[in-house]
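Numbering (UniProt numbering), first residue to last: 1 to 195.
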């Protein structure tokens, strides 16, 4: 399913090519999710076609090859049942950095609203592993609310509206029986998510 994502001020419009899926999503507010049919997982692999399996995390990863703002890239991940990658180890950092061909890429960590710390988009705890550039002390800077992995594999803060590559991450071996199953999973998983 081809999706057209457009950004107008503080709102993202998501429209499928056949007009069967349409959402209006306000940025920096509670997320809205739409249902769609997902491809089932290939029986020979724990990941769907186009995704790479990483056994250390038992997760599937996919590069979004377009350079996009953080929020648009996150929604591209969401519509595939995933999130921006939440990096929890040096091994995972290296794996996703290589998957992005050593280009700059978004992580799932971002600072939204008045929350005094970073939050991972998948709601896993932020900070179990960090890899900040030498001499960089992260600060809650309103102009740089999102975290990127640089070409050198180290982290830095960036404006969320800048464009970058992204890697989506989701648990391995999910196979959705129907769009209702996927919708219920998303409602349960993201019910706590507040932007």
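Ideal Cβ positions, reconstructed from N, Cα and C, are used throughout, including at glycine. None of the values given here were measured: they were computed from a predicted structure.
- In the DSSP assignment, residue 74 falls within the alpha helix (DSSP H) that extends over 70-78.
- Within a 10 Å sphere around the beta-carbon of residue 122 sit 16 or more other beta-carbons, which makes this residue buried.
- Distance from the CA of residue 119 to the CA of residue 88, rounded to the nearest whole angstrom, comes to 13 angstroms.
- When C-alpha distances from residue 166 are compared across 92, 130, 100, 52, the shortest belongs to 100.
- The closest CA to that of residue 158, considering only 97, 138, 63, is found on 138.
- Counting only residues of its own chain and dropping the five nearest sequence neighbours on each side, residue 102 has a CB closer than 7 angstroms to the CB of 151.
- Per DSSP, the beta-bridge partners of residue 157 are 147.
- Between the C-alpha atoms of residue 61 and residue 86 there is a straight-line separation of about 11 angstroms.
- When rounded, the separation of the alpha-carbon atoms in residue 82 and residue 170 is 5 angstroms.
- For residue 98, the enclosing alpha helix (DSSP H) begins and ends at 90-99.
- When secondary structure is reduced to three states using DSSP, residue 52 falls in the strand class.
- In this chain, the beta strand (DSSP E) harbouring residue 167 covers 164-171.
- In terms of Cβ geometry, residue 168 and residue 80 form a close pair [threshold 7 angstroms].
- In the structure shown, residue 129 adopts coil according to DSSP, grouped into three states.
- Boundaries cannot be given for residue 103, as no beta strand (DSSP E) includes it and DSSP labels it neither H nor E.
- Sixteen is the threshold: since fewer than 16 other Cβ atoms of the shown chains lie within 10 Å of the Cβ of residue 141, the residue is exposed.
- Secondary structure of residue 47 (DSSP, three-state): coil.
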